[in-house]
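Colleague:
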Amino acid sequence: MKRIGMLTSGGDCQALNAAMRGVVKTLANSGEKVEIYGFLDGYKGLIYSNFQMLTGRDFSGILTKGGTILGTSRTPFKTIHEPDDNGVDKVEAMKQTYHKLQLDCLVILGGNGTHKTANLLREEGLNVVTLPKTIDNDLWGTDMTFGFQSAVNIATDAIDCIHTTAASHGRVFIVEVMGHKVGWLTLNAGMAGGADIILLPEIPYDINKVIDKIEEREKNGSRFTIIAVAEGAISKADAKLSKKDYKKKLEKYTYPSVSYEVAAMIQEKTGREVRVTVPGHMQRGGSPCPYDRVFASRLGAEAGKLILDGQYGFMVGYKNREIVRVPLEEVAGKLKTIAPDAAIVKEAKLLGISFGD
Ligand code: F6P
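If you're matching positions, the sequence shown starts at 4 in the numbering used here and goes up one per residue.
Right under this line is the structure:
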């Protein structure tokens with residue numbers, strides 16, 4: 004008999020349900036008797052002992068369903084050691100819930116912040132197995148996270164749609180892509196959507212280089228330019244600022260987001276018409292793409308296997324096309340960013356894509 008607690012934490016993404024279904028199906032098919040405690044709204048559910056008892060039937064029919072049947076919320080790691088408004092010690096409360104319910108382990112699905120807390124719980128003696136979710140694909144220890152490919156599809160669709168209107172009007176169009184502080188989503192959607200310029204947090208841009216590319220395209224007879232801008236893109240000048248000075252700049256920032264700043268600079272320097280499209284949270288929504296359904300199911304199956312083997316303290320990841328077990332302490336607190344000299348960046352440059360560098 005295994006008593007499993009399960010929770011999804013942080014921003015949602017596609018295939019969270021598919022991954023949980025993978026875990027539960029694997030456990031059910033093993034013949035082992037399991038009790039599943041589904042904690043609601045992320046770590047909050049664990050802190051305040053807010054859970055639902057779930058059975059295999061609750062996980063049936065959810066393979067294709069976006070979002071998370073458990074709900075989610077953000078419980079920032081940086082305040083995890085601070086008591087809540089009622090003086091509750093969050094870490095102690097999570098441990099108490101775990102022990103009170105006599106759980107054998109927690110299955111935690113999340114991204115970077117979630118993994119820091121998961122590792123903390125491991126250090127506190129709880130059995131933890133995690134699964135890597137996020138559209139940002141920025142989790143250390145895995146080549147890919149689930150949600151990422153689905154978001155790439157949606158962001159690519161957005162760029163595809165913009166392409167036809169950009170061609171008709173002969174304008175410069177910016178599509179702003181999510182991804183927090185990394186550019187995986189923008190780079191992949193940008194390449195898939197045939198963007199001419201891609202601006203990433205990892206490769207600070209020079210607006211004059213961006214304009215050079217627009218003008219070069221015009222000289223070569225192109226009526227329009229598509230720019231894929233990561234929400235975390237940063238100019239070379241801003242990247243040189245100290246953290247303190249950059250924070251000061253942001254305090255006085257009047258643009259809704261970086262794309263509008265890039266658009267204003269292009270408009271001001273060249274007089275060209277620039278339009279900005281921000282698909283935003285659409286990128287996290289809807290049904291997981293077939294790749295993510297398979298991928299998340301495979302990761303979930305491996306997590307189920309880890310539980311059956313009594314192997315805890317691991318994230319189930321993906322390395323060199325293999326499903327792997329990665330010790331949680333190797334994952335927590337590290338960001339997977341794009342190296343500016345990565346093969347994919349070099350190849351994109353060979354294709355004529357400008358990174359504004
Ligand atoms: O981490 C996923 C993500 O969608 C990021 O790409 C984005 O920066 C962030 O979450 C948005 O967070 P929220 O949903 O809290 O606005």
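Heads up, the beta-carbon is just placed ideally off N, CA and C, and yes, glycines get one too.
DSSP three-state label for Pro135, please.
Modeller: For Pro135, the secondary structure class from DSSP, reduced to helix, strand or coil, is strand.
Colleague: Tell me the residue span of the beta strand (DSSP E) that contains Lys374.
Modeller: Lying before the first or after the last residue shown, residue 374 is absent from the chain, which here runs from 4 to 360.
Colleague: Taking the Cβ atom as the reference point for each residue, do Val178 and Ala161 lie within a distance shorter than 7 Å?
Modeller: yes
Colleague: Could you tell me which residues DSSP pairs with Ser357 in its beta bridges?
Modeller: Ile200
Colleague: Output needed for Ala233: all residues of its chain with C-beta closer than 7 Å, excluding positions within five of it in sequence on either side, in chain order.
Modeller: Val180, Gly182, Gly186, Thr189, Leu202, Leu203 and Pro204
Colleague: By Cβ distance, which residues of its chain are closer than 6 Å to Asp360, with the 5 residues on each side in sequence left out?
Modeller: Ile206
Colleague: With distances taken from CA atoms, which of Val277, Leu354 and Ile138 is nearest Tyr263?
Modeller: Val277
Colleague: Using CA atoms only, rank isn't needed, just tell me which of Ser225, Glu126, Asn140 and Asp199 is closest to Ala170.
Modeller: Ser225
Colleague: Where does Val91 land, buried or exposed, given buried means 16+ other C-beta within 10 angstroms?
Modeller: Taking a 10 Å sphere around the C-beta of Val91, we find fewer than 16 other C-beta atoms and assign the residue as exposed.
Colleague: Identify whether Ser238 lies in helix, strand or coil by the three-state DSSP scheme.
Modeller: strand
Colleague: If you draw a straight line from the C-alpha of Gly274 to the C-alpha of Leu253, how long is it?
Modeller: 26 Å
Colleague: DSSP on Ile230, reduced to helix/strand/coil?
Modeller: In the structure shown, Ile230 sits in a strand (DSSP, three-state: E or B).
Colleague: Does ligand 1 have a heavy atom nearer than 6 Å to the CB of Thr287?
Modeller: For the record, residue 287 in the displayed sequence is Arg; it is not Thr. Checking the Cβ of Arg287 against ligand 1 gives yes.
Colleague: Hey, would you say the C-beta of Met181 is under 6 Å away from at least one heavy atom of ligand 1?
Modeller: Relative to ligand 1, the beta carbon of Met181 is positioned inside 6 Å of a heavy atom.
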